[in-house]
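Chemist: In the numbering used here, the protein residues as written are 56 to 461.
Here it is, written out as structure tokens:
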């Protein structure tokens with residue numbers, strides 16, 4: 056009964072260890088600016104009743120309505136709502152962490168206030184649950200209060216994927232050093248291992264087995280209640296100033312389906328930039344990660360096998376259609392006779408960055424160490440690449456701020 060009273064007051068029930076944040080408590084409606092909502096109710100009759108009532112409230116702007124989960128998530132992504140109003144059935148269907156990470160405040164509406172409905176509100180992390188039609192005025196008031204202030208710290212961080220089409224081209228080297236040099240620039244950065252089979256980041260960062268570090272395997276028990284607190288407890292704080300979500304240990308088995316995408320969404324809510332270390336594959340999980348990323352750094356060597364493998368990746372991932380999202384990074388991990396012009400000719404994309412051959416890089420890799428912050432040679436090239444990635448992320452924030460009228 057305590058859960059019922061707390062939920063019906065329009066407060067988020069204390070569930071799964073989550074607490075209301077200062078940002079949530081401070082959200083108030085801006086004078087004269089209606090709250091934007093998406094309505095998702097499975098039952099057609101109830102759906103129409105809720106819509107008819109809410110569209111007449113001047114404090115509320117209904118930007119979309121759906122009766123199916125896929126369409127609901129699409130509207131939530133495109134409409135930029137401050138809240139979504141759901142029935143318990145649709146709330147259950149979008150309750151997976153990879154979906155909840157894309158939803159704003161959730162308010163539940165139900166014709167009967169039963170214990171399963173209240174439990175659904177708790178499991179979904181709803182801000183409140185309201186009986187229809189008895190509490191429709193309270194529902195409208197909660198929606199009006201859900202108008203977010205949309206402060207820049209609450210923006211979703213930029214997600215950049217790093218992929219090497221062939222082994223040995225240095226994708227792991229690029230990903231780890233980008234994270235370090237971005238942190239050196241003051242960019243709050245997270246590095247995520249998306250290759251659970253080999254977990255190369257663990258070795259590349261010198262975190263050998265037995266060091267007691269935690270990995271994504273430690274999040275399996277909380278996959279359905281994932282929060283920032285869970286990620287803070289598990290992510291490894293690297294001494295260079297960036298966070299790392301490591302892959303499972305040897306013999307640990309793959310993480311539950313959907314857990315890694317959910318982790319990326321949560322980290323993007325607390326970091327300016329999230330780097331994804333992709334496996335050497337063109338399978339569907341990699342394609343999904345590439346589609347979800349704001350930008351892809353495609354790493355290649357200057358040898359024919361690497362270049363033709365990269366060319367196949369560009370074509371297979373349909374990167375021709377969005378060339379501005381893909382940047383080709385040439386890594387001269389070894390001496391060779393081919394040139395940058397050869398790379399552009401074979402791959403069909405002009406290199407955006409070139410990392411010079413440097414023996415110091417090979418020595419660092421052998422020790423499982425990173426190059427120093429002020430390393431010369433390839434260190435300078437990596438710092439320049441990090442600066443360009445950081446500028447793109449911050450330029451996007453400035454563009455969004457201008458769009459919001461700030």
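Yeah, the Cβ is synthetic: ideal placement off N, Cα and C, and Gly gets one too.
Give me the Cα-Cα distance between residue 96 and residue 109, rounded to the nearest whole angstrom.
Modeler: Position 41 of the chain shown, counting from 1, holds the residue named residue 96. Position 54 of the chain shown, counting from 1, holds the residue named residue 109. About 13 Å.
Chemist: Between 166, 182, 201 and 343, which lies nearest to residue 190 when the distance is taken from Cα to Cα?
Modeler: Taking the chain shown and counting its residues from 1, the one referred to as residue 190 is at position 135. Checking every option, the nearest Cα to that of residue 190 belongs to 166.
Chemist: Can you give the Cα-Cα distance for residue 387 and residue 132, rounded to whole angstroms?
Modeler: As a first step, residue 387 must be located in the chain shown, where it is residue number 332. As a first step, residue 132 must be located in the chain shown, where it is residue number 77. Looking at the two C-alpha atoms, the distance is approximately 40 Å.
Chemist: According to DSSP, is residue 220 helix, strand or coil?
Modeler: Residue 220 sits at position 165 when you count from the first residue of the chain shown. Correct three-state label for residue 220: coil.
Chemist: If you reduce the DSSP assignment to three classes, tell me which class residue 210 lands in.
Modeler: Within the chain shown, the letter at position 155 stands for residue 210. Residue 210: coil per DSSP, three-state reduction.
Chemist: Determine the closest residue to residue 278 out of 261, 451 and 312, with distance taken between C-alpha atoms.
Modeler: Residue mapping note: residue 278 aligns to position 223 of the chain shown, counting from 1. Residue 312 is the option with its Cα nearest to residue 278.
Chemist: Indicate whether residue 301 and residue 339 have their beta-carbon atoms separated by less than 8 Å.
Modeler: Here residue 301 corresponds to residue number 246 of the chain shown, with the count starting at 1. Here residue 339 corresponds to residue number 284 of the chain shown, with the count starting at 1. No. Outside cutoff.
Chemist: Roughly how many angstroms separate the alpha carbons of residue 341 and residue 114, rounded to a whole number?
Modeler: For the purposes of this step, residue 341 is identified with residue 286 of the chain shown, where counting begins at 1. For the purposes of this step, residue 114 is identified with residue 59 of the chain shown, where counting begins at 1. Roughly 42 Å between the two C-alpha positions.
Chemist: For residue 127 and residue 261, I'd like the C-alpha separation in whole angstroms.
Modeler: In the chain shown, counting from the first residue as 1, residue 127 sits at position 72. In the chain shown, counting from the first residue as 1, residue 261 sits at position 206. Cα to Cα, the separation comes out at about 44 Å.
Chemist: Distance check for residue 250 and residue 281, CA to CA, integer angstroms please.
Modeler: As a first step, residue 281 must be located in the chain shown, where it is residue number 226. As a first step, residue 250 must be located in the chain shown, where it is residue number 195. Taking the straight line joining both Cα atoms gives about 20 Å.
Chemist: So what does residue 185 bridge to, in DSSP terms?
Modeler: Here residue 185 is taken as the residue at index 130 of the chain shown, counted from 1. Residue 185 is bridged to 164.
Chemist: Assign residue 107 to one of two classes, buried (16 or more other C-beta atoms within 10 Å of its C-beta) or exposed (fewer than that).
Modeler: On the chain shown, residue 107 is found 52 positions in, with the first residue counted as 1. Per the 10 Å Cβ criterion, exposed.
Chemist: Exposed or buried, which one is residue 379 when buried takes at least 16 other CB atoms within 10 Å?
Modeler: Locating residue 379 in the chain shown gives position 324, counting from the first residue. Exposed, because fewer than 16 other Cβ atoms sit within 10 Å of the Cβ of residue 379.
Chemist: Return yes when the Cβ of residue 216 is within less than 8 Å of the Cβ of residue 351, no when it is not.
Modeler: Indexing the chain shown from 1 puts residue 351 at position 296. Indexing the chain shown from 1 puts residue 216 at position 161. Their beta carbons are under 8 Å apart, which means residue 351 touches residue 216 by this criterion.
Chemist: First and last residue of the alpha helix (DSSP H) that includes residue 396?
Modeler: Locating residue 396 in the chain shown gives position 341, where the first residue counts as 1. Start and end: 395–402.
Chemist: Let me know the secondary structure DSSP gives residue 122 once reduced to three states.
Modeler: Indexing the chain shown from 1 puts residue 122 at position 67. Coil.
Chemist: I need the straight-line Cα distance from residue 444 to residue 227, nearest angstrom please.
Modeler: Along the chain shown, one-based indexing puts residue 444 at 389. Along the chain shown, one-based indexing puts residue 227 at 172. Going from the Cα of residue 444 to the Cα of residue 227 covers about 17 Å.
Chemist: Using DSSP with H/G/I as helix, E/B as strand and the rest coil, what is residue 448?
Modeler: On the chain shown, position 393 is the one that residue 448 refers to. The answer is helix: DSSP assigns residue 448 an H, G or I state.
Chemist: If I'm right that residue 337 touches residue 368 with Cβ under 8 Å, what's the distance once you round it to whole angstroms?
Modeler: Along the chain shown, one-based indexing puts residue 337 at 282. Along the chain shown, one-based indexing puts residue 368 at 313. Contact flag correct, Cβ pair sits at about 6 Å.
Chemist: Label residue 254 either buried or exposed according to how many other C-beta atoms from any shown protein chain fall within 10 Å of its C-beta, with 16 as the threshold for buried.
Modeler: The sequence position of residue 254 within the chain shown is 199, counting from 1. So residue 254 ends up on the buried side.
Chemist: Which one or two residues does DSSP pair with residue 138 in a beta bridge?
Modeler: Counted from its first residue, the chain shown places residue 138 at position 83. Paired residues: 92 and 160.
Chemist: Can you give the Cα-Cα distance for residue 252 and residue 130, rounded to whole angstroms?
Modeler: To locate residue 252, count along the chain shown from 1; it is residue 197. To locate residue 130, count along the chain shown from 1; it is residue 75. Cα-Cα distance, rounded: 35 Å.
Chemist: As a quick exercise: from 119, 332, 304 and 413, pick the residue whose alpha carbon is nearest that of residue 390.
Modeler: Looking up residue 390 in the chain shown gives position 335. The option with the nearest alpha carbon to residue 390 is 413.
Chemist: Which residues in the same chain as residue 303 place their Cβ atom closer than 8 Å to its Cβ, once the five residues preceding and following it in sequence are excluded?
Modeler: Position 248 of the chain shown, counted from the start, is the residue given in the question as residue 303. 251, 254, 270, 271, 272, 309 and 310.
Chemist: If you reduce the DSSP assignment to three classes, tell me which class residue 316 lands in.
Modeler: Here residue 316 refers to the residue found at position 261 when the chain shown is read from its first residue. Correct three-state label for residue 316: helix.
Chemist: State the CB to CB distance for the pair residue 326 and residue 245, rounded to an integer number of angstroms; the pair is presumed to be in contact (CB under 8 Å).
Modeler: On the chain shown, position 271 is the one that residue 326 refers to. On the chain shown, position 190 is the one that residue 245 refers to. At roughly 5 Å, the Cβ-Cβ gap stays under 8 Å, so residue 326 and residue 245 are in contact.
Chemist: Would you mind giving the Cβ-Cβ distance between residue 194 and residue 164, rounded to the nearest angstrom? I have them listed as a contact below 8 Å.
Modeler: One-based indexing of the chain shown puts residue 194 at position 139. One-based indexing of the chain shown puts residue 164 at position 109. That belief holds up - the Cβ atoms of residue 194 and residue 164 are roughly 6 Å apart, short of 8 Å.
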